[in-house]
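*Asks:* Taken in sequence, the protein lines are chains A and B. Using this note's numbering, the first residue of the first sequence is number 16, and each one after it goes up by one. Using this note's numbering, the first residue of the second sequence is number 250, and each one after it goes up by one. Using N, Cα and C, we set each Cβ at its ideal position, and we do this for glycine too. Just so you know, these numbers come straight off a predicted model, no measurement behind them. A single structure is presented below for examination.
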Amino acid sequence: DIQMTQSPSSLSASVGDRVTVTCRASQSISIYLNWYQQKPGKAPKLLIYAASTLQSAVPSRFSGSGSGTDFTLTISSLQREDFATYFCQQSYNIPYTFGQGTKLEIK
Amino acid sequence: VQLQESGPGLVKPSQTLSLTCTVSGGSISSGGYYWTWIRQRPGKGLEWIGYIYHTGSTYYNPSLTSRIIISSDTSKNQFSLKLISVTAADTAVYYCARGDRVGLNNWFDPWGQGTQVTVSS
Numbered sequence: 016d017i018q019m020t021q022s023p024s025s026l027s028a029s030v031g032d033r034v035t036v037t038c039r040a041s042q043s044i045s046i047y048l049n050w051y052q053q054k055p056g057k058a059p060k061l062l063i064y065a066a067s068t069l070q071s072a073v074p075s076r077f078s079g080s081g082s083g084t085d086f087t088l089t090i091s092s093l094q095r096e097d098f099a100t101y102f103c104q105q106s107y108n109i110p111y112t113f114g115q116g117t118k119l120e121i122k
Numbered sequence: 250v251q252l253q254e255s256g257p258g259l260v261k262p263s264q265t266l267s268l269t270c271t272v273s274g275g276s277i278s279s280g281g282y283y284w285t286w287i288r289q290r291p292g293k294g295l296e297w298i299g300y301i302y303h304t305g306s307t308y309y310n311p312s313l314t315s316r317i318i319i320s321s322d323t324s325k326n327q328f329s330l331k332l333i334s335v336t337a338a339d340t341a342v343y344y345c346a347r348g349d350r351v352g353l354n355n356w357f358d359p360w361g362q363g364t365q366v367t368v369s370s
């Protein structure tokens, strides 16, 4: 299985901050990498697919980049509603696998 | 499109977990989508279980393939998960989701709200 490792596992930040979450794959996965946001008690929501394509209706402050093994999710200016847990997911190989999550908390 | 999971919240060890996902706002028999089950175990993150394509083809996580069956009922616009011989390790929130694909990239959107299943005697 392809292992997906996110860093950091948790992050404290303030409204207006620029934050970056990293996801590393245990082997090259081209651009087959997706990002999700999950709020407590809710299902994950797709933010970005194919490493950098913003899902419809997702605010443009979210962006994704990377290819191969290293990927980043960036939030350019944190809003209160962005405090949540973020997961990456690879679809290069079955079984599709997820990172362990990065919890973004209010400082 | 909206998805909604249903099924028992408590299953005894060694028994079979059975969940159904009801899809509204779109047909599961229309082409191109992968009707998916994913679970989130406490402290273990998200785990892809498997999916059924509109043709009826199924793809399972190899770690679970000996214990799972995913099927669909197009007349009810539902798809289902059966997981046999459950143990406490199968305790999780189970989500159904629609899988979409471009090339090799497969993502999941939207998801159902999730249903908690606890395995305990």
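Just to confirm, are PHE47 (chain A) and LEU330 (chain B) a CB contact at a threshold of 8 Å?
*Replies:* Sequence check: residue 47 (chain A) is Tyr here, not Phe. No, they are not a contact pair.
*Asks:* So, helix, strand or coil for ASP32 (chain A), using DSSP?
*Replies:* Here ASP32 (chain A) sits in coil by DSSP.
*Asks:* Buried or exposed for LEU61 (chain A), please, with buried defined as at least 16 other CB atoms from any protein chain shown within 10 angstroms of its CB.
*Replies:* So LEU61 (chain A) ends up on the buried side.
*Asks:* Contact between the region 53-68 of chain A and the region 89-102 of chain A is defined here as three or more beta-carbon pairs at a separation below 8 Å; is this criterion met?
*Replies:* They touch, by the three-pair rule.
*Asks:* Considering only residues of the same chain and omitting the five flanking positions on each side of ARG316 (chain B), which have a CB-CB separation below 7 Å?
*Replies:* Taken in chain order, the residues that qualify are LEU332, ILE333 and SER334.
*Asks:* Can you tell which of A:GLY114, A:LEU119 and A:SER80 has its C-alpha closest to the C-alpha of GLN289 (chain B)?
*Replies:* Comparing Cα-Cα distances from GLN289 (chain B) to each of A:GLY114, A:LEU119 and A:SER80, the minimum goes to A:GLY114.
*Asks:* Nearest CA to the CA of THR269 (chain B): which residue from B:SER312, B:PRO291, B:TRP284 and B:GLN327?
*Replies:* Out of B:SER312, B:PRO291, B:TRP284 and B:GLN327, B:GLN327 has the C-alpha closest to the C-alpha of THR269 (chain B).
*Asks:* Going by beta carbon distance, what residues of the same chain come within less than 6 Å of GLY275 (chain B), once the five residues before and after it are set aside?
*Replies:* Counting only Cβ-Cβ distances below 6 Å, and skipping sequence neighbours, we find VAL250.
*Asks:* Residue range of the beta strand (DSSP E) that SER273 (chain B) falls in?
*Replies:* 266-273 is the extent of the beta strand (DSSP E) around SER273 (chain B).
*Asks:* Alpha carbon to alpha carbon, how far is SER92 (chain A) from SER75 (chain A)? Give it in angstroms, no decimals.
*Replies:* Whole-angstrom Cα-Cα distance: 10 Å.
*Asks:* What span of residues does the beta strand (DSSP E) with LEU295 (chain B) cover, start to end?
*Replies:* Note, LEU295 (chain B): beta strand (DSSP E), 294-302.
*Asks:* Compute the Euclidean distance between the alpha carbons of TYR344 (chain B) and GLY299 (chain B), then round it to the nearest angstrom.
*Replies:* For TYR344 (chain B) and GLY299 (chain B), the distance between alpha carbons rounds to 11 Å.
*Asks:* Based on DSSP bridge pairs, tell me the residues matched to GLN365 (chain B).
*Replies:* According to DSSP, GLN365 (chain B) bridges with B:VAL342.
*Asks:* What are the residues of the region 336-356 of chain B that lie near chain A, defined by any Cβ-Cβ distance shorter than 7 Å?
*Replies:* So the list reads TYR344, VAL351, LEU353, ASN354, ASN355 and TRP356, given in the order they occur along the chain.
*Asks:* Counting only beta-carbon atoms, is TYR286 (chain B) nearer than 8 Å to chain A?
*Replies:* According to the sequence provided, residue 286 (chain B) is Trp. The question's Tyr does not apply to it. For TRP286 (chain B), the answer is no, since every Cβ of chain A falls outside 8 Å of its Cβ.
*Asks:* Helix, strand or coil for ARG316 (chain B)? Go by DSSP, reduced to three states.
*Replies:* DSSP places ARG316 (chain B) in coil when its eight states are reduced to three.
*Asks:* Please go through the same chain and pick out, in chain order, the residues whose beta-carbon is closer than 7 Å to the beta-carbon of GLN264 (chain B), but skip the five residues on each side of it.
*Replies:* Cβ within range, chain order: VAL335.
*Asks:* Distance, Cα to Cα, TYR308 (chain B) vs THR364 (chain B)?
*Replies:* Straight-line Cα distance between these residues: approximately 22 Å.
*Asks:* In angstroms, rounded to a whole number, what distance separates the CA positions of ASP16 (chain A) and SER273 (chain B)?
*Replies:* Whole-angstrom Cα-Cα distance: 33 Å.
*Asks:* Do you know offhand how far PRO262 (chain B)'s Cα is from TRP356 (chain B)'s?
*Replies:* If you take the alpha carbons of PRO262 (chain B) and TRP356 (chain B), they lie about 32 Å apart.
*Asks:* Give the residues from the region 308-322 of chain B that approach chain A closer than 8 Å (Cβ to any Cβ), ordered along the chain.
*Replies:* Cβ contacts with chain A: TYR308, ASN310, PRO311 and SER312.
*Asks:* Using Cβ-Cβ distances below 8 Å, what residues of the region 98-121 of chain A are close to chain B?
*Replies:* Listed in sequence order: PHE102, GLN104, SER106, TYR107, ILE109, PRO110, TYR111, THR112, PHE113, GLY114, GLN115 and GLY116.
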